[in-house]
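Encoded as structure tokens, the structure appears first; notes follow it.
Residue numbers (this note's numbering): 556 to 846.
Structural data, given as structure tokens:
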């Protein structure tokens, strides 16, 4: 069954004073394009994380976000009282020397200056990462389920468009006899304007007409288009990661429809061809989002 590249998954866990939230969003893309936004503290695991995402989610634009909230206790980031006081004294001296009044929000300016905040470095322990990894896998699984659900909806739409093409194709034969007669009359009329048909052997003349009309025969195109439609449906129902393959089949369907239109020489058949092209374009757009 078809799987969409559009998906979303979320999971969270708690480890000591931390609440960790994992968000995974996927969209369609020709290749695997992974973007990660994680706190610097977990950067050492980024390569392993990318490998996991690529392996599990296969293809598409994958956006991974990890948010960490501190529930309580001391944080690893602290203000440096000494540096803040040093900045304040320098600014006060500068203001006093130049008769500039000190602003009431001077503190908010100071805390944005370099080295005011310091972070105590600590190593990521295996236990914490295992907690997080469980949540990452849960988010991946939720994203997969979302993709499957979207894929089912996508498949229903594609099948509807495919059925429309086969229905339109089934309407072509009703115009075949009229089409051949019109072509034959048009050819006879054109030849009579440039050739004295009275002096031409009737059997030979008829053979030449038939030979010419065979160039406008559309039976092969109809048969091949029907086979492509059947193969498309078979692939759609039997393979999970068939997006690219379905795209190739759709291209072949397009070639047959174009040839059918070029050979038709009949207004009603060309109308059917235009409607088939419209349905095929919808299929091509939808297949772009299939994994």
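Where is the CB? At the ideal position from N, CA and C, for every residue including glycine.
All values reported here derive from a predicted model rather than from experimental measurement.
The shortest C-alpha to C-alpha distance from residue 696 to any of 833, 562, 618 is the one to 562. Of 626, 784, 822, the smallest CA-CA separation from residue 738 is found for 822. Going by beta carbons, residue 844 and residue 586 fall outside the 8 Å limit.
By the criterion of at least three beta-carbon pairs nearer than 8 Å, the stretch 678-696 is in contact with the stretch 563-574. For residue 592, the pairing in a beta bridge is given by DSSP as 620. Rounded to the nearest whole angstrom, the CA to CA distance from residue 647 to residue 641 is 10 Å. For residue 566, the enclosing beta strand (DSSP E) has its first and last residue at 562-570. DSSP lists no beta-bridge partner residue for residue 651.
Contact between residue 801 and residue 790 holds, since their C-beta atoms are separated by about 6 Å, short of 8 Å.
Of the candidates 580, 825, 839, 580 places its Cα closest to the Cα of residue 700.
The Cβ-Cβ distance between residue 776 and residue 811 falls below 8 Å. As a beta-bridge residue in DSSP terms, residue 559 pairs with 845. Contact between residue 557 and residue 797 is confirmed by a C-beta separation of about 7 Å, below the 8 Å threshold. A contact between stretches requires three or more CB pairs, one per stretch, nearer than 8 Å, and the stretch 616-628 fails this requirement with the stretch 702-715.
DSSP places residue 580 within a strand segment (E or B) once states are collapsed to three. Beta-bridge partners of residue 814 (DSSP): none assigned.
Annotated as proximal: residue 727 and residue 824, with beta-carbon spacing under 8 Å.
If you ignore the 5 residues before and after residue 784, its C-beta comes within less than 8 Å of the C-beta of 717, 720, 721, 724, 808, all in its own chain and listed in chain order.
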